[in-house]
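These notes are about the structure you will find just below.
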């Protein structure tokens with residue numbers, strides 16, 4: 003792929019052209035880093051999903067231990083445009099017939115009814131193997147339930163003039179608030195079908211290595227390469243099939259950062275290869291850009307945008323398609339990239355560190371969350 007060859011060439015160029023400058027500019031291009039939150043779309047949770055990180059690595063022998071939680075609200079009703087799934091159908095229990103088109107024909111491709119709040123709790127440990135090589139272990143736990151955010155979201159929609167009965171409001175008004183439902187249909191058959199809530203189930207752990215290729219200098223940015231691997235857990239019985247793919251996933255992220263006085267700019271480009279895709283996409287592409295403003299050495303404000311290719315395979319259909327074979331595309335355009343913006347606050351005193359933020363999608367397609375809150379805090383020694 004051309005962009006991969008370009009990124010490898012660019013990283014090599016940094017090392018060759020800026021080696022002398024980097025000795026005298028060890029912290030010029032390093033800040034506290036971008037916001038470290040992964041996409042929260044319900045179907046994505048079972049797969050490895052890369053997230054932005056700092057180019058800076060821990061020094062040799064240093065350790066960081068942290069605990070964090072990410073809380074997101076997701077609502078998708080691909081049949082909402084036709085009014086086929088409303089409070090009445092959900093109350094009596096959804097069947098496969100509810101996902102057919104208005105003429106009773108099977109809809110080709112994916113159809114969704116997702117109504118949930120997810121909580122992804124994570125324990126992370128990092129260790130500096132050398133001054134430029136860092137090891138990371140992450141163990142996540144997941145909960146899916148009805149939550150309490152629906153009324154607030156609908157009120158905000160109404161306040162800014164978005165109708166909860168239309169696509170812009172995700173057809174939320176057709177459904178009860180604060181319920182839980184996880185229904186994914188492909189080609190007229192259920193992939194997932196559940197209204198049973200899930201609490202604190204262990205997901206598959208990940209291990210990662212981050213190599214700070216160069217500290218950059220006055221002209222060239224700092225550059226780091228992150229490699230991440232998700233271990234497979236073949237036990238997908240019961241509720242565990244919603245949060246474990248049972249496959250070994252792997253991915254990389256090339257991250258660049260450049261400092262301009264109290265401002266740090268970050269760019270990242272990466273790829274995840276999914277080992278067991280369960281009928282979804284076999285790979286996902288990742289890209290982010292972040293702008294960090296450092297108030298001082300300990301505090302920063304960060305704004306960033308993140309784009310990730312859809313977990314749903316691409317089709318020939320588009321949102322303008324009129325044929326019956328692509329109803330789910332007309333309703334929600336599931337195969338377009340997920341696009342979100344985030345802003346947050348970071349604090350790092352040397353011993354204690356904290357990160358908190360807010361995430362909002364801005365494309366309003368059927369493969370994104372409505373919004374997420376998150377925080378992470380820990381200690382360094």
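In our numbering, the protein residues as written are 3 to 383. Glycine is no exception: its CB is placed at the ideal position from the N, C-alpha and C atoms.
Item	Value
Touch test, the region 83-91 against the region 36-44, Cβ-Cβ under 8 Å, three pairs minimum	no
C-alpha distance - residue 118 paired with residue 36, whole-angstrom precision	27 Å
Alpha-carbon to alpha-carbon, residue 130 and residue 64	5 Å
Backbone secondary structure at residue 387 - three-state DSSP	A query on residue 387 cannot be resolved here, the shown segment of the chain reaching from 3 to 383 and no further.
Span of the beta strand (DSSP E), counted from its first residue to its last, around residue 196	191-196
Residue 48 in three-state terms, based on DSSP	helix
Nearest-angstrom beta carbon gap, residue 247 and residue 283 [assumed within contact, 8 Å]	The Cβ separation is near 12 Å, so there is no contact.
Residue 121, buried or exposed, once every other Cβ within 10 Å from all chains shown has been counted against 16	buried
Own chain, CB closer than 6 Å to residue 207, minus 5 neighbours either side, in chain order	141 and 233
Cβ-Cβ separation, residue 132 to residue 62 (assumed contact under 8 Å), whole Å	5 Å
The region 258-266 in contact with the region 283-295 per 3-pair CB rule at 8 Å	yes
Separation of residue 170 from residue 156, as counted between CA atoms	11 Å
Beta-carbon spacing of residue 92, residue 183 below 8 Å	yes
Assigned secondary structure, residue 174 (DSSP; H/G/I helix, E/B strand, else coil)	helix
Nearest neighbour of residue 197, chosen from 71, 94, 363 and 354 [CA to CA]	94
Residue span of the alpha helix (DSSP H) that contains residue 91, given as start and end	89-94
Segment contact, 8 Å Cβ cut-off, at least three pairs: the region 147-156 with the region 46-59	no
Assigned exposure category for residue 335 - 16 Cβ within 10 Å defines buried	buried
Where residue 234 sits in the DSSP three-state scheme	coil
Same chain, Cβ closer than 8 Å to residue 276, five either side skipped, listed in chain order	49, 50, 247, 249, 251, 282, 283, 284, 285 and 286
Alpha carbon of residue 327 to alpha carbon of residue 73, nearest angstrom	The predicted model places residue 327 with a pLDDT of 47, which falls under 50 and marks its position as unreliable, so this point remains unresolved.
Pick from 138, 107 and 77 that is closest to residue 178, judged by C-alpha positions	77
Closest residue to residue 128 among 188, 173 and 213 (Cα-Cα distance)	213
beta-carbon residue 56 near the ligand SAM non-hydrogen atom, thresh 7 Å	Only the bare structure without any ligand can be found here, which leaves the ligand SAM out of the picture.
Collapsed DSSP secondary structure at residue 374 in the structure displayed	strand
Residues bridged to residue 306 [DSSP beta-bridge criterion]	292 and 344
Residue 188 versus 226, 33 and 114, residue with shortest Cα-Cα distance	114
Per-residue DSSP class, three states only, for residue 244	helix
Element boundaries [alpha helix (DSSP H), containing residue 152]	152-161
Residue 309 versus 344, 242 and 301, residue with shortest Cα-Cα distance	344
Terminal residues of the beta strand (DSSP E) in which residue 39 lies	Careful: residue 39 lies outside any beta strand (DSSP E) and carries neither H nor E.
Cβ neighbours of residue 112 in the same chain (closer than 6 Å, five flanking residues each side left out)	188, 314, 330 and 336
Cutoff 6 Å; reference residue 321; Cβ partners in own chain excluding five residues on either side	Unreliable positioning characterises residue 321 in this predicted model, as indicated by a pLDDT of 49, which lies under 50. The coordinate reading is nonetheless provided below. Excluding positions up to five away in sequence, the list reads 335.
Whole-angstrom C-beta distance between residue 376 and residue 71, which should lie under 8 Å	7 Å
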